[in-house]
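Just so we're aligned, residue 1 is where the sequence shown starts under UniProt numbering, counting upward by one.
Glycine residues also receive a C-beta, built at the ideal position from the N, C-alpha and C atoms.
Note that the structure is a prediction, hence the values are computed from the model and not measured.
Notes follow the structure.
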Amino acid sequence: MENSLRFIGRELVKLGHHVKIFCFQYSPNEPLQMVHEGIEIIRCPFKPVRWPHAQFLSQVATTQIAIPAVLGEFHPNAVWSRSACVGLGIRRSGYSGPLLQIYPTNARMNCRGLFLQTHGLAIKRRLMLLGLWPLAYFTSSNLERELARKSTAITFSENMRSQLLADFPKKSSDCNVISPGVDTDFFSPENGARYFETIKREYGLRKDETIVLYVGRLSCAKHIPMLMDAFSLLKVRAKLVLVGSGPEKERLQSYASSIGIADRLVFAGTQHEMLPGFYAISRVCVLPTTIESFGQVYLESLASGTPAVGFAGDGRRILTATGEIIRDGQTGGVVSKVSASAIAEKIYSILSLNDKDYAAMSRYAREDVQERFTWRRFTLEAIKMSGSGALEEA
């Protein structure tokens, strides 16, 4: 279940609404039904399908079959969906009430990232992904087109809205940007500091050393080798910490060795409870992606008081919302050129700050996020859009 659903549900409950969450069960270890923070969570068993286009269609069909029982028992005044496949399955099930569709990404951006950003993979793997791309894109874009006619749209960023309107220009009056939030109690310097000793013991990292952080999947689409190249150019002694897991770990280890940074690279794996500690112990967090509909990592880092760095979007080749989140030179760095040297220069501009200036940037980074990105604001604006003032949401 996406964390965003949990936070939105929590805010709805605080506002006096009754909430039920429907999602897929991908592992038998996940309970089919549970109550968390006063919210009933219903999981529908779903067996992943090998081929992407078939997976999309299966998610729509599974939702279409399973959701009527949930809606029939709950009788919601509105449904908010974060998955296009789930949203369309709900509409195809016969539900005719308000449907607010949150688009975390769209078919074009998703398929481009999954199937076309394959630099560094074996030729056979790249050719296979290239062959899968047309059918996956054709299927998901057609499903998205049907859903666009039958729902009210929300995106987390202007970047995502512009991509959606490029495909569906008629949605311009029915597509609004509402910035998401971040849990600033969980992601905070104080909470992060609780994990410093454990991180030191398990990973050999200390607060008094310079740490450059990456958080995300270890995937070729994330341009981690470019970050490694940038790190190798830094004129300061530092460590590069990669938090996350994925299929590219071995290749990244080999690449680190080939450019001479293996002894300063730490793979920390996927983190949950201790994630605030990794943000808070780091001097800067870098997200080197060129296709990113929003960038929740930025919010988590800034909320933790750690400046962030990422590429500026240009609406064409570089599709990011970095400039909508990071204030260049004030809460982090926005890189205008896609290159290792440009990233290195921006990282160094933060690492070289004196203690007073760094503390001011760190403090403002957290204050700015607390002011501009809250789940309460998102929820209140979404309620207005869905036209539901009553007390049931799904």
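Environment of residue i [buried if 16+ CB atoms lie within 10 Å]
i              : result
glutamine 330  : exposed
tyrosine 26    : exposed
glycine 87     : buried
isoleucine 67  : buried
residue 466    : The requested residue 466 does not occur in the structure, where the chain is confined to residues 1 to 394.
valine 236     : exposed
isoleucine 199 : buried
glutamate 300  : buried
residue 477    : As displayed, the chain neither begins before 1 nor continues past 394, which places residue 477 out of reach and without an answer.
asparagine 110 : buried
tryptophan 375 : buried
lysine 47      : exposed
alanine 84     : buried
leucine 127    : exposed
Sequence-distant residues of the same chain with beta carbon closer than 8 Å to residue i, five excluded per side
i                 : result
phenylalanine 378 : Ile8, Glu11, Ile178, Ser179, Pro180, Gly181
glutamate 37      : Arg6, Gly9, Arg10, Val13
leucine 15        : Thr379, Leu380, Ile383
leucine 130       : Phe115, Leu116, Thr118
valine 49         : Gln55, Ser58
alanine 166       : Arg108
Sequence-distant residues of its chain with Cβ nearer than 6 Å to residue i (five each side left out)
i                 : result
serine 140        : Phe56, Ala107
phenylalanine 168 : Ala148
asparagine 191    : Pro276
glycine 332       : Pro307, Ala308, Val309, Ile326
methionine 34     : Ile41
cysteine 285      : Leu213, Ser301, Thr306, Ala308
lysine 207        : Phe196, Ile281
valine 60         : Cys85, Leu88, Gly89
arginine 125      : none
For residue i, the first and last residue of its enclosing alpha helix (DSSP H)
i                 : result
glycine 89        : 84-92
residue 396       : Residue 396 is absent from the structure shown; the chain starts at 1 and stops at 394.
phenylalanine 378 : 375-386
alanine 107       : 107-111
glycine 204       : Note, glycine 204: premise wrong, no alpha helix (DSSP H); not H, not E.
isoleucine 224    : 224-233
tyrosine 195      : Tyrosine 195 -> no alpha helix (DSSP H), and no H or E assigned at all.
threonine 118     : Element bounds for threonine 118: n/a, residue is neither H nor E.
aspartate 167     : 158-167
Residue i: first and last residue of the uninterrupted beta strand (DSSP E) it sits in
i          : result
lysine 249 : Lysine 249 -> not in any beta strand (DSSP E); alpha helix (DSSP H) instead, spanning 249-258.
Contacting residues, own chain, Cβ-Cβ under 7 Å from residue i (five flanking each side not counted)
i             : result
aspartate 183 : Phe7
glycine 313   : Asn159, Leu319, Thr320, Ala321, Thr322, Gly323
leucine 164   : Tyr103, Asn106, Ala153, Thr155, Lys171, Cys175
Bridge-paired residues (DSSP) for residue i
i           : result
alanine 153 : Gln101, Cys175
leucine 213 : Val241, Cys285
glycine 269 : Val243
Open item on the list: As an exercise, report each continuous beta strand (DSSP E) stretch of at least 3 residues that is fully enclosed by the stretch 275-351, in chain order.
Closed with: Look at the stretch 275-351 and you find these whole runs of beta strand (DSSP E), each 3 residues long or longer: 284-287, 308-311, 332-335.
TODO: For the stretch 12-81, list the alpha helix (DSSP H) runs that are entirely contained and at least 4 residues long, ordered along the chain.
DONE: Counting only runs of 4 or more, we get 52-74.
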